[in-house]
Amino acid sequence: MAKELKELTPRSQDYSQWYLDLVLKADLAENSAVRGCMVIKPYGYAIWEKIQRQLDDMFKETGHVNAYFPLFIPKSFLSKEADHVEGFAKECAVVTHYRLKNDPDGKGVIVDPEAKLEEELIIRPTSETIIWNTYRNWIQSYRDLPILVNQWANVVRWEMRTRLFLRTAEFLWQEGHTAHATKAEAEEESQKMLEVYGEFAEKYMAMPVVRGVKSASERFAGAIDTYTIEALMQDGKALQSGTSHFLGQNFAKAFDVKFTDKEGKQDYVWATSWGVSTRLIGALIMAHSDDNGLVLPPKLAPFQVVIVPIYRSEEQLAQINEKVAGIVSALKNLGISVKYDNSDNKKPGWKFSEYELKGVPIRLAMGGRDLENNTIEVARRDTLTKETVSCDNLDVYIKNLLNDIQENIYKKALDFRTASTINVDSYDEFKEKIEEGGFLMAHWDGTPETEEKIKNETKATIRCIPLEGDKTPGKCMVTGNPSTQRVVFARAY
1 MAKELKELTP
11 RSQDYSQWYL
21 DLVLKADLAE
31 NSAVRGCMVI
41 KPYGYAIWEK
51 IQRQLDDMFK
61 ETGHVNAYFP
71 LFIPKSFLSK
81 EADHVEGFAK
91 ECAVVTHYRL
101 KNDPDGKGVI
111 VDPEAKLEEE
121 LIIRPTSETI
131 IWNTYRNWIQ
141 SYRDLPILVN
151 QWANVVRWEM
161 RTRLFLRTAE
171 FLWQEGHTAH
181 ATKAEAEEES
191 QKMLEVYGEF
201 AEKYMAMPVV
211 RGVKSASERF
221 AGAIDTYTIE
231 ALMQDGKALQ
241 SGTSHFLGQN
251 FAKAFDVKFT
261 DKEGKQDYVW
271 ATSWGVSTRL
281 IGALIMAHSD
291 DNGLVLPPKL
301 APFQVVIVPI
311 YRSEEQLAQI
321 NEKVAGIVSA
331 LKNLGISVKY
341 DNSDNKKPGW
351 KFSEYELKGV
361 PIRLAMGGRD
371 LENNTIEVAR
381 RDTLTKETVS
391 CDNLDVYIKN
401 LLNDIQENIY
411 KKALDFRTAS
421 TINVDSYDEF
431 KEKIEEGGFL
441 MAHWDGTPET
451 EEKIKNETKA
461 TIRCIPLEGD
471 KTPGKCMVTG
481 NPSTQRVVFA
491 RAY
């Protein structure tokens, strides 16, 4: 049973199948009866809750508050910002009627043709339009600014080729929408939130990211600038893991949102929006996991420690239960989440396999000999190593070990990214190296024509123009024209 539980397609054999196997067998999510949509199972949702809780705290520390806006957006709203509607038109789900009725032929229910909506409603692909229509009622003066609002919600983007967590027709996310009196303040906000995402990715997800700005063709529809964090997955592909947009006054102009400044003059409000989604769970899986299952950083694991008893009799189990109760209490007092699995319907070997598959950072096992010697077996998920340690001061030992595991997972991902990032100077070399995957740092002349040529011929895109790093000017690898700095190219999800 344990072997069957763990049997995953090896990454080296078929990375996509390995990913799907892992999502399904680790009980993270499954496909639903609605094509392109997923059911997030309790263990997967527990990871999302950890992500959500930490990000929510970080947002509130920077002065943001949560609100909620309607799921439905009048079709006319999407017509008001030209770039925005063009960017999302092909992905919109449209509500046209508001009632069903019994089929006169007795074949279930049909849409009532008499119940056609006067104006069709779009199920939100993103909320800029409905929110800026609302902000028009909230903002009259500079005293009403800034507005720093976030919402946790679901959105629908009608995807035909889907992959659990990475790309589904409906997904969960947060979207921040802020309003400001000055351009400088809005630009500062969009870059501040990018840094919040970067800090979260590195400190909590243990996933190194490149912070940068998108090229014009890769920008969010309706944005002046889109900032991004880009991560590298183990198969050498990039994953856009969070974006923050400086929207200028585009949406304020579209929805006529003006304010009176301190001098008594009227001006349009400046805007930002920013978001991350359940795609981050896909990032966690692909950045760290192995052929044995999930590898979760302790800060985001649903439970950080699992304890499994190994016993020969009910009497011995009772003694282990008593001993473990003290260990569990001490660990919880240090803020460590722990599960004691003394269920009798599965053998210890099955449990070991299950918790390894599910990526629990530390597994503790206690048997009769451990009871006699005041010891316990400690197994690390990240290195798959085991040792026997004393139960004295075990809580402090485990707390330090969790920190070590968090740092080790990050270091491993960083070392992989470093080894997979290379400078490329010629287009021939670029076409050769892109087949191997990784981040390719190359000069680009800044034109959409060259960018499109590279994309069509190699399937690689500009992931971002890095905000930090080598800013040395050079020559475009394709045209030989001047280039201000190297940009990050990769094939991407």
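So the sequence shown is numbered by the UniProt record's numbering: it starts at 1 and just counts up by one. Glycine included, every Cβ here is placed at the ideal spot set by N, Cα and C.
CB of residue i within 7 angstroms of CB of residue j, strictly
{"i": "Val94", "j": "Leu100", "result": "no"}
{"i": "Ile139", "j": "Val257", "result": "yes"}
{"i": "Thr243", "j": "Thr178", "result": "no"}
{"i": "Cys464", "j": "Gly212", "result": "yes"}
{"i": "Thr126", "j": "Met38", "result": "no"}
{"i": "Pro208", "j": "Arg35", "result": "no"}
{"i": "Gln406", "j": "Lys253", "result": "no"}
{"i": "Ile409", "j": "Ala206", "result": "yes"}
{"i": "Leu239", "j": "Tyr493", "result": "yes"}
Other residues of its chain near residue i: CB distance less than 7 angstroms, five sequence neighbours each side excluded
{"i": "Tyr427", "result": "Met477 and Val478"}
{"i": "Pro70", "result": "Ile130"}
{"i": "Ser76", "result": "Glu119"}
{"i": "Ala29", "result": "Val23, Met38, Val39, Ile40, Lys41, Gly44, Leu164 and Phe165"}
{"i": "Ile51", "result": "Leu280 and Leu300"}
{"i": "Lys459", "result": "Arg491"}
Classification of residue i by the beta-carbon crowding that lies within 10 angstroms, buried from 16 upward
{"i": "Gln174", "result": "buried"}
{"i": "Lys262", "result": "exposed"}
{"i": "Arg279", "result": "buried"}
{"i": "Thr96", "result": "exposed"}
{"i": "Thr388", "result": "exposed"}
{"i": "Val396", "result": "exposed"}
{"i": "Met160", "result": "exposed"}
{"i": "Gln13", "result": "exposed"}
{"i": "Arg369", "result": "exposed"}
{"i": "Leu334", "result": "exposed"}
{"i": "Lys265", "result": "exposed"}
{"i": "Asn150", "result": "buried"}
{"i": "Ser353", "result": "buried"}
{"i": "Asn403", "result": "exposed"}
{"i": "Asn66", "result": "exposed"}
{"i": "Asp382", "result": "buried"}
{"i": "Asn133", "result": "buried"}
Reduced DSSP category for residue i - H, G, I as helix; E, B as strand; rest coil
{"i": "Ala231", "result": "strand"}
{"i": "Arg161", "result": "coil"}
{"i": "Glu170", "result": "strand"}
{"i": "Gly264", "result": "coil"}
{"i": "Phe251", "result": "helix"}
{"i": "Ile47", "result": "helix"}
{"i": "Gln240", "result": "strand"}
{"i": "Leu145", "result": "coil"}
{"i": "Phe220", "result": "coil"}
{"i": "Ala330", "result": "helix"}
{"i": "Val34", "result": "coil"}
{"i": "Val23", "result": "helix"}
{"i": "Lys339", "result": "strand"}
{"i": "Ile110", "result": "strand"}
{"i": "Thr129", "result": "helix"}
{"i": "Ile320", "result": "helix"}
{"i": "Thr134", "result": "helix"}
{"i": "Glu7", "result": "coil"}
{"i": "Gln140", "result": "coil"}
{"i": "Asn345", "result": "coil"}
{"i": "Leu28", "result": "coil"}
{"i": "Lys399", "result": "helix"}
{"i": "Lys214", "result": "coil"}
{"i": "Lys351", "result": "helix"}
{"i": "Gln151", "result": "strand"}
Same chain, Cβ closer than 6 angstroms to residue i, neighbours up to 5 away in sequence not counted
{"i": "Tyr19", "result": "none"}
{"i": "Gln485", "result": "Lys471"}
{"i": "Ala115", "result": "His97, Tyr98 and Arg99"}
{"i": "Lys399", "result": "Leu334"}
{"i": "Ala2", "result": "No answer about Ala2 holds up, because its pLDDT of 48 lies below 50 and its placement is not dependable."}
{"i": "Asp56", "result": "none"}
Beta-carbon contacts of residue i that lie in its chain and below 8 angstroms, excluding the five residues immediately before and after
{"i": "Asn292", "result": "Lys6, Leu8, Glu356, Leu357 and Leu384"}
{"i": "Leu371", "result": "Gln316, Gln319, Ile320 and Lys323"}
{"i": "Ser420", "result": "Leu232, Gly236, Gly437, Gly438 and Phe439"}
{"i": "Gly87", "result": "Phe220, Ala221 and Gly222"}
Min CB distance residue i to chain B below 7 angstroms
{"i": "Glu61", "result": "The question asks about chain B, but that chain is absent: this structure has only one protein chain."}
Quiz prompt | Complete runs of the beta strand (DSSP E) confined to the region 404–492 [at least 3 residues] | solution = Those beta strand (DSSP E) runs which fall completely within the region 404–492 and span 3+ residues are 421–424, 439–443, 461–466 and 486–490.
Quiz item: What are the complete beta strand (DSSP E) segments, minimum 3 residues, inside the region 176–212?
Solution: DSSP runs (the beta strand (DSSP E)) wholly in the region 176–212: none.
Exercise. May I have a chain-ordered list of the alpha helix (DSSP H) segments no shorter than 4 residues that lie completely inside the region 53–107?
Key: Within the region 53–107, the complete alpha helix (DSSP H) runs of at least 4 residues are 75–78 and 82–88.
Quiz item: Which runs of the alpha helix (DSSP H) spanning at least 4 residues fall entirely within the region 268–317, listed in chain order?
Solution: Listed in chain order, the complete alpha helix (DSSP H) runs (minimum 4 residues) inside the region 268–317 are 279–288.
Quiz item: What are the complete beta strand (DSSP E) segments, minimum 3 residues, inside the region 362–396?
Solution: Residue ranges of uninterrupted beta strand (DSSP E) with 3 or more members, entirely inside the region 362–396 and ordered along the chain, are 362–366, 375–380 and 386–390.
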